[in-house]
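Mapping the sequence shown onto UniProt numbering, position 145 (from 1) lands on 145, and the numbers just tick up by one. Just below is one structure, and these are the notes that go with it.
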Amino acid sequence: MFVFSIFGMSNFAYVKQGAMMDDLVNFETFGNSMISMFTITTLAGWDGLLYPIMNTPPDCDPDFENPGTSVRGNCGSPAAGIVFLTLYIIVSFLVVVNIQITIILEVFNVAAEESANTLSEYSIDMFYKTWERFDPQASQFIHYSELSDLCDALPDPLRIPKPNTVNLLQMDLPLVQGDRVHCLDVLLALTEEVTRSYHLFSGRQIDADREQVAQRV
1 MFVFSIFGMS NFAYVKQGAM MDDLVNFETF GNSMISMFTI TTLAGWDGLL
51 YPIMNTPPDC DPDFENPGTS VRGNCGSPAA GIVFLTLYII VSFLVVVNIQ
101 ITIILEVFNV AAEESANTLS EYSIDMFYKT WERFDPQASQ FIHYSELSDL
151 CDALPDPLRI PKPNTVNLLQ MDLPLVQGDR VHCLDVLLAL TEEVTRSYHL
201 FSGRQIDADR EQVAQRV
């Protein structure tokens, strides 16, 4: 935009005003030139800027005296005007499209990262495989003292790395006789912990995760 503004000032500073070109939208000063370029960045109203810079006699006066300068005439140049605006429109279009693509890709990447942190069947399978190491008898219970090691041994996104004592206390797991916890209670609590940590799901999604876990038990 900077380069095109300078070019516009050099070639169309004294063209006769008309159509969209007025006291604000023109190439008389660098500021106005920047405004003119910015105005047509979205491709709106470019023709209103093209008509004045294409002016030729008798629509303009080649001998018109411009106050404060020795430059005479207020005519434009059809060839230069067409090339000038065509190039600018192409460049602007490419820039705008690239910005849109960048935004779309950024949104896609964020969605992909969030999706990677959600609870999946693979996460549930890995939970049970890890649980088997702490519950070789398949009793579905482990002692509460082993819970810290279990949570630290889990793969992401269910893993709660050590030190995790505070996190485990906040989970408020129900204990059965012998200070033991049930695998389903642990998995449901970890699911809700992941949900709160990443702020990805609503309460409705938490219920869906609970249902998914229950179906796998």
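Virtual Cβ for every residue (Gly too), placed ideally from N, Cα, C.
What number of angstroms, rounded off, separates the C-alpha of residue i from the C-alpha of residue j?
| i | j | result |
| --- | --- | --- |
| V186 | E121 | 16 Å |
| V96 | T102 | 10 Å |
| Q100 | V107 | 11 Å |
| E193 | N98 | 38 Å |
| P161 | L168 | 11 Å |
| V166 | R159 | 14 Å |
| G76 | L105 | 42 Å |
| L24 | C60 | 20 Å |
| V83 | F30 | 20 Å |
| A13 | F27 | 5 Å |
| G203 | M21 | Residue placement at G203 cannot be trusted, given a pLDDT of 48 that sits under 50; what the coordinates show is reported in the next sentence. Each residue's Cα considered, the two are about 56 Å apart. |
For residue i, which beta-bridge partners are listed by DSSP?
| i | result |
| --- | --- |
| M21 | G18 |
| R72 | E65 |
| I142 | V181 |
| V176 | R180 |
Does residue i have its Cβ less than 7 Å from a Cβ in chain B?
| i | result |
| --- | --- |
| N32 | Protein chain content of the structure displayed is limited to a single chain, and chain B is not contained in it. |
Let me know if residue i comes out buried or exposed under the rule of 16 or more other beta-carbons within 10 Å of its beta-carbon.
| i | result |
| --- | --- |
| Y88 | buried |
| P57 | exposed |
| N32 | buried |
| N55 | buried |
| G68 | exposed |
| S145 | exposed |
| N74 | buried |
| V71 | exposed |
| F127 | buried |
By the DSSP assignment, the alpha helix (DSSP H) with residue i in it spans what residues?
| i | result |
| --- | --- |
| P52 | W46 to I53 |
| L150 | L147 to A153 |
| K129 | E121 to F134 |
| F7 | F2 to F12 |
| S33 | F30 to T39 |
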